[in-house]
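Notes follow the structure.
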Amino acid sequence: MHSPIGIFDSGIGGTSIWKEIAALLPNENTIYLADSLNAPYGEKSPEKIIEFSIKNTELLLNKGCKLIVVACNTATTNAIEFLRSTYDVPFIGIEPAIKPAALKTQTNNIGILATKGTLSSALFFKTSELFATNIKVVEQVGKGLVQLIENGKLHSDEMNELLKKYLSPMLVNNIDYLVLGCTHYPYLIPQIQNIIGNKVQIIDSGLAVAKQTKAVLERYQIKNNSVKKGVHHFFINTDVDVLETILSEVKSEIIIQRFEF
Ligand code: DGL
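If you count the sequence shown from 1, position 78 lands on 1010 in my numbering, and the numbers rise without skipping.
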């Protein structure tokens, strides 16, 4: 099936998921929506997050998408149940990888960096209850990180200061695994690793989401069996500059366009 896979995020962070999907499924066409105008979702109410998720989903469905990847922890944890019960296409979401971290920890202390919207969601609460019963989870809201990334300030002093502030309590609590619960944060891995050193392992779920996408395409028999490489359209409702920079090393055929939505 040649129809594209639709992917959306509150901004450019979900491209960390898109990269994994494009690498694992090179023949699939994709459409990516970066709702940067409304970022950060993490500071909005659940109702607002659901409203944005509906808008993004309907746009992708109007563009003929066969499956939708909610490449945003905040939108997944607040809106995916609603989306699944409302629309007919399969949805893949991303949630903080509490389970693998809880299974692997030796110190019984894990850290999680995510948005306020994710950490306060019912779905996150349920997952923590289920998998992190006998361990300490040091939760930290990454307030300000998404905005800095969206503004192209990935390698700024401001970013470093915020990261130090957020990660220090985790180090004090002797964590050995750090879960990245926001799709923007994989772009911060070098900076984070500099602060936490190599005794703490970072867990992000990008590859797991790509594998799940592949499995669902196979289950529904909607994979693109063409031998041609996929074409990738990116739509963003603010300036294209930062998105272009973040995708500058991508070799696949990509088209980036500003689009009001
Ligand atoms: N990439 C989104 C996530 O995974 C960022 C949320 C936001 O815009 O605050 O949660």
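Glycine included, each C-beta is placed from N, C-alpha and C at the ideal position.
For residue i, which residues of its own chain have a beta-carbon under 8 Å away from its beta-carbon, when the five flanking residues on both sides are left out?
i     : result
A954  : E960, T962, G1162, H1164, V1182 and S1184
K1131 : D1108
K1143 : L956
S1060 : I1030 and V1069
Q1125 : I1134
P1101 : V1070 and Q1072
H1087 : Q1123
K1160 : N959
For residue i, which residues in the same chain have their Cβ closer than 6 Å to its Cβ, ignoring the five residues on either side in sequence?
i     : result
G938  : I963, L992, C997 and I1000
S948  : T1115, P1118 and G1138
K951  : none
Q1072 : L1045 and Y1098
D1136 : L1112 and P1118
G1043 : V1070, M1102, I1107 and L1110
K995  : I963
G1076 : L1094
P936  : N961, T962, I963 and C997
I1154 : M933 and K998
Using the Cβ count rule (16 or more neighbours within 10 Å means buried), how would you classify residue i?
i     : result
G1129 : exposed
T1047 : buried
E1192 : exposed
L1149 : buried
P958  : exposed
K976  : buried
S1053 : buried
Using beta-carbon positions only, say whether residue i and residue j come within less than 8 Å of one another.
i     : j     : result
K1050 : G974  : A small correction: the amino acid at residue 1050 is Thr; Lys does not occupy that position in the sequence shown. Cβ atoms of T1050 and G974: closer than 8 Å.
Q1133 : N1092 : no
L965  : S985  : no
S968  : T1170 : yes
N1106 : N1041 : yes
I944  : I1178 : yes
T1021 : G1084 : A small fix is needed here, since residue 1021 is Val in this sequence, not Thr. For V1021 and G1084, no; Cβs fall outside 8 Å.
F940  : N988  : yes
T1018 : I1067 : no
G946  : A1003 : yes
V1172 : R1190 : yes
Counting only the same chain and skipping the five closest in sequence on each side, list residues whose C-beta sits under 7 Å from that of residue i.
i     : result
H934  : N961, N1156 and S1158
E1176 : I1188
L1103 : I1128
N970  : S942 and F984
F1063 : I1030, K1031 and A1034
E1090 : L1080
P972  : S942, T1047, V1078 and Q1079
If contacts are defined as beta-carbon pairs under 8 Å, then residue i and residue j qualify, I think. What distance do you get, rounded to the angstrom?
i     : j     : result
L1099 : L1120 : The Cβ separation is near 10 Å, so there is no contact.
P1028 : N1005 : 6 Å
I1186 : F1167 : Not quite, the Cβ-Cβ distance comes to about 12 Å (not below 8 Å), so this is no contact.
V1141 : I1024 : 6 Å
Does the Cβ of residue i lie closer than 7 Å to at least one heavy atom of the ligand SAM?
i    : result
A971 : Ligands displayed in this structure: the ligand DGL; the ligand SAM is not among them.
**Message:** Under 8 Å: do the region 1105-1112 and the region 1024-1042 share three or more Cβ pairs, one atom per stretch?
**Reply:** At 8 Å Cβ cutoff, the stretches touch.
**Item:** Three or more C-beta pairs below 8 Å linking the region 1009-1017 and the region 1066-1080
**Value:** A contact is defined here as three or more CB-CB pairs under 8 Å, and the region 1009-1017 fails this definition with respect to the region 1066-1080.
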